[in-house]
Amino acid sequence: MSITEFLERRLDEDEKVAGAADLVSSGLETPPFSSRYDELTDHILRWRPSRVLAEIRARRHMLELAYEATGLDMDRDLDRALGSRERSGVAYVGDRMLRSLAMPYADHPDYDEAWRL
Numbered sequence: 048m049s050i051t052e053f054l055e056r057r058l059d060e061d062e063k064v065a066g067a068a069d070l071v072s073s074g075l076e077t078p079p080f081s082s083r084y085d086e087l088t089d090h091i092l093r094w095r096p097s098r099v100l101a102e103i104r105a106r107r108h109m110l111e112l113a114y115e116a117t118g119l120d121m122d123r124d125l126d127r128a129l130g131s132r133e134r135s136g137v138a139y140v141g142d143r144m145l146r147s148l149a150m151p152y153a154d155h156p157d158y159d160e161a162w163r164l
């Protein structure tokens with residue numbers, strides 16, 4: 048599996064979960080939320096479904112920008128090009144962007160350690 052296929056699948060999964068939660072909460076007034084663990088309250092409220100969906104849209108845009116930066120066709124398997132760039136220039140930055148986008152999913156069983164920065 049290429050890094051881009053991996054990223055697209057993870058974003059699809061995240062979007063499905065957040066979208067389902069957003070449907071449940073849409074149109075509802077946000078109820079007061081409190082926890083005996085006050086430090087968790089802000090975290091939970093900040094990562095509401097609409098925020099997660101906005102984050103996913105931003106990551107999809109970054110994925111497209113990374114492909115554009117590499118100079119390769121987005122439909123091609125980019126794995127063979129990862130790491131083979133000179134350590135400067137726009138294409139190298141595109142490769143690093145893709146690896147960076149994969150970092151939050153490093154604990155996923157399909158994550159390839161070769162993608163690690």
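Heads up, this note's numbering is the position in the sequence shown plus 47, with the first residue counted as 1. Ideal Cβ positions, reconstructed from N, Cα and C, are used throughout, including at glycine.
Within its own chain, the residues whose Cβ lies closer than 6 Å to the Cβ of V99, once the five positions on either side in sequence are excluded, are A65, listed in chain order. Rounded to whole angstroms, the separation of the alpha carbons of Y158 and F53 is 7 Å. D154 carries a coil assignment under DSSP once its states are collapsed to helix, strand and coil.
The beta carbon of I103 is closer than 6 Å to those of L58, D61, E62 in its chain, skipping five residues each way along the sequence. Inclusion of L164 and A113 in the CB contact set at 8 Å is not warranted, their separation being larger than that value. Annotated three-state conformation of D59 is helix, per DSSP. In this structure, A116 lies away from A149, with their beta-carbon atoms at least 8 Å apart. Under the three-state reduction of DSSP, S49 is assigned to coil, being neither helix nor strand. If you ignore the 5 residues before and after A68, its C-beta comes within less than 6 Å of the C-beta of P96, all in its own chain and listed in chain order.
Here L87 is actually not in contact with T51; their C-beta atoms are around 34 Å apart, not less than 8 Å.
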